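In structure tokens, the structure reads:
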């Protein structure tokens with residue numbers, strides 16, 4: 001394993017350890033048992049790792065970075081717990097979603113509590129807590145806007161690529177922007193530097209999400225592919241689906257005409273590959289990763305080595 | 320109208336005006352339309368009024384006070400929007416609850432968005448934003464704990480008065496404590512002063528809630544009394560119900576044996592009056608209002624006149 005991979009792995013372990021050490025009271029059981037459960041899942045801890053790496057590039061105080069990193073992971077989990085209710089998803093991070101293990105009320109309250117704990121953590125920052133809280137809360141609202149667009153887009157067959165990109169920038173990019181930018185804010189960097197970190201994180205987040213769309217289609221074992229095929233036939237929107245619909249409307253309509261067709265997922269995969277949609281989508285992801293690297297280049301006086309390696313890691317991930 | 324009532328009325332108008340002026344974007348419609356709707360209801364604005372009055376006692380900056388007041392009202396509305404889903408309540412502040420006008424997903428997201436906006440407002444405070452954010456977020460978590468206890472207590476016939484009091488302190492008292500304490504925190508008051516303001520607000524909040532239980536039983540027109548009677552027979556917990564169950568178990572059981580009995584609410588009212596439960600409950604509310612006034616007496620160098628008048632107003636309210 002390269003020393004960079006070891007570093008990432010080390011940060012993940014530390015984040016998981018500190019998440020477990022958060023001093024949750026035992027009671028009320030109704031609140032804290034599902035909170036502990038939700039945070040026990042096997043998340044990739046992608047966002048807190050980005051906070052730490054961006055912090056190292058800025059020589060920021062590690063203890064403050066850990067507070068921000070944990071707050072970001074809590075915010076991410078709060079949105080997942082609530083999104084899983086809204087989207088009726090029953091599994092999350094290798095275990096039952098909170099609303100399916102308990103019920104909707106429990107999951108609503110657990111999400112609210114997780115987010116309040118995130119804000120309490122941030123308010124304990126010794127320096128520039130004010131500016132960090134602003135970034136964090138603005139990112140939260142933007143994530144809510146992204147989820148709102150996602151709900152609006154459900155079953156709307158007129159959605160364009162630009163609308164889809166706006167949605168994923170808000171839903172995923174805004175928080176990655178905040179992860180990359182808050183450590184610079186913490187050390188009192190210039191506005192231009194902070195803006196470039198934000199742009200870097202946003203581009204990385206959009207690239208991450210498009211790459212995720214590709215992995216979902218081409219990286220899945222067949223048994224998962226089956227339900228994905230019918231989800232797509234029934235209106236699930238991804239960048240590739242939008243491209244297929246807008247560029248090859250009639251042919252695409254034939255492919256997904258029967259949600260229960262055997263080999264539906266194979267047909268969809270072949271269609272995307274033959275029509276050049278797969279390669280077009282890959283190029284788009286690459287262009288966002290390139291743009292992330294360019295934003296880093298615009299920041300002088302930092303060590304961008306680890307952040308560039310992190311972009312590589314995201315770009316090449318296969319799970 | 321007394322000049323104090325005019326002051327309260329003036330503050331309420333200003334709070335309502337500034338709530339309407341919050342710069343919500345038009346879109347995503349899925350997020351901002353229900354948020355605007357929820358904030359349009361006819362709330363009493365009890366909490367932001369307390370913030371302003373406690374701020375006047377501390378000679379705090381009115382602009383900062385308004386930010387805190389709005390944040391507190393937003394937090395309160397966020398909890399109402401979510402609680403109405405959990406408790407399946409269809410009406411709120413004279414109009415449909417968000418989840419019943421739209422659906423649960425819309426209401427979950429609207430609540431989340433309202434709370435994020437509250438935090439954004441607070442992060443714009445010019446001074447001591449850090450300490451204010453901490454109080455605010457800790458109060459949020461305690462309100463969640465209170466709601467969790469409330470859910471745990473549903474249909475649990477072993478709940479004691481002390482458990483009920485703990486629940487309403489968390490669910491209502493903690494936020495009123497924060498309303499009273501944050502203005503002192505804003506002006507950099509000593510810890511002892513801040514603690515006394517917090518105690519004042521908590522006692523006021525507990526008294527307010529017990530008074531509310533009384534108003535619900537004795538202040539309701541008959542048509543509302545009908546559903547309340549069957550709610551009580553089916554397990555709704557209030558302080559008076561707990562007293563009746565624990566002091567007069569068998570007789571009380573006979574009273575509520577039939578949730579559909581005609582005159583059920585009249586029978587419950589007479590029972591509470593004849594058994595001395597009504598007067599006992601009134602005394603308890605009074606003792607909390609007294610304790611609130613005593614906490615104020617412990618704070619030197621402030622003008623406590625308006626806050627005492629506010630306690631009177633809460634104590635004598637009939638709606």
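Protein chains in written order, with the working numbering: chain A, 1 to 319; chain B, 320 to 638.
For glycine and all other residues, C-beta sits at the position ideal for the given N, C-alpha and C.
Since the model is a prediction, treat every value here as computed from it, not as a measurement.
Proximity test, Cβ basis, 8 angstroms: residue 105 of chain A and chain B: yes
Is residue 45 of chain A helix, strand or coil when you go by DSSP? coil
Roughly how many angstroms separate the alpha carbons of residue 587 of chain B and residue 575 of chain B, rounded to a whole number? 8 angstroms
Inter-residue CB distance, residue 491 of chain B and residue 524 of chain B (contact presumed, cutoff 8 angstroms): 4 angstroms
Residues of chain B with a CB under 7 angstroms from the CB of residue 116 of chain A: which are they? 456, 459, 460, 463
Which same chain residues, not among the five before or five after residue 504 of chain B, have their C-beta less than 7 angstroms away from its C-beta? Answer for residue 504 of chain B: 447, 450, 451, 454, 513, listed in chain order.
Step through the CB atoms of chain B and report whether any lies within less than 8 angstroms of the CB of residue 134 of chain A. yes
Check whether the Cβ atoms of residue 199 of chain A and residue 295 of chain A lie closer than 8 angstroms to each other. yes
Nearest-angstrom Cα separation, counted from residue 30 of chain A out to residue 72 of chain A: 24 angstroms
Under three-state DSSP, which class holds residue 261 of chain A? Residue 261 of chain A: coil per DSSP, three-state reduction.
Rounded to whole angstroms, what is the Cα-Cα separation between residue 551 of chain B and residue 202 of chain A? Cα atoms of residue 551 of chain B and residue 202 of chain A: separation of roughly 53 angstroms, rounded to the nearest angstrom.
Counting C-beta neighbours from all protein chains within 10 Å, is the total for residue 365 of chain B 16 or more, i.e. buried, or is it exposed? buried
Hey, quick one: how far does the alpha helix (DSSP H) through residue 102 of chain A stretch, first residue to last? Segment: none, residue 102 of chain A is in no alpha helix (DSSP H) and carries neither H nor E.
Which of helix, strand or coil does DSSP assign to residue 415 of chain B? strand
Considering residue 36 of chain A, what are the terminal residues of the alpha helix (DSSP H) in which it resides? 29 to 39
What residues in the segment 154 to 175 of chain A bring their beta carbon closer than 7 angstroms to a beta carbon of chain B? Per Cβ criterion, the list is empty.
Mind listing, in chain order, the continuous beta strand (DSSP E) runs of no fewer than 3 residues lying wholly within the segment 145 to 200 of chain A? none
Can you find a CB in chain B that lies within less than 8 angstroms of the CB of residue 66 of chain A? no
7 angstroms Cβ shell around residue 142 of chain A - same chain, five flanking residues per side excluded: Excluding sequence neighbours, residue 142 of chain A sits near 170, 174.
Residue 85 of chain A beta carbon less than 8 angstroms from that of residue 38 of chain A: no
Between the alpha carbons of residue 152 of chain A and residue 27 of chain A, how many angstroms are there, rounded? The straight-line gap from Cα to Cα measures roughly 38 angstroms.
Looking at the C-beta of residue 405 of chain B, does it have a partner C-beta in chain A at a distance below 8 angstroms? Contact of residue 405 of chain B with chain A is assigned, a C-beta pair being separated by under 8 angstroms.
Suppose you measure from the CA of residue 475 of chain B to the CA of residue 397 of chain B; what does that come to, to the nearest Å? Taking the straight line joining both Cα atoms gives about 27 angstroms.
Checking contacts by CB at 8 angstroms: is residue 438 of chain B closer than that to chain A? yes
By DSSP's criteria, residue 410 of chain B is part of a beta bridge. Which residues make up the other side? B/415
Can you tell me whether residue 248 of chain A is helix, strand or coil according to DSSP? coil
Quick one: using the 10 Å Cβ neighbour count with 16 as the cut-off for buried, is residue 329 of chain B buried or exposed? exposed
In the segment 338 to 353 of chain B, which residues sit with their C-beta less than 9 angstroms from some C-beta in chain C, listed in chain order? Going by chain labels, chain C is absent from the structure shown, which instead holds the protein chains A and B.
Among A/121, A/137, A/33, whose alpha-carbon lies nearest the alpha-carbon of residue 442 of chain B? A/137
Can you name the residues of chain B whose CB is closer than 7 angstroms to the CB of residue 112 of chain A? 401, 463
Using a Cβ-Cβ distance under 8 angstroms, would residue 280 of chain A count as near chain B? Chain B contact via Cβ: absent.
Taking a contact to mean a Cβ-Cβ separation below 8 angstroms, would you say residue 74 of chain A touches residue 51 of chain A in this structure? no
Identify which residue in A/42, A/21, A/53, A/17 has its Cα closest to the Cα of residue 309 of chain A. The candidate whose alpha carbon is nearest that of residue 309 of chain A is A/53.
For the alpha helix (DSSP H) that residue 600 of chain B lies in, which residues bound it at each end? 596 to 616
What in chain B is Cβ-close to residue 151 of chain A, meaning under 7 angstroms? 349, 424
Apart from the five residues on each side of it in sequence, which residues of its chain come closer than 7 angstroms, Cβ to Cβ, to residue 601 of chain B? 533
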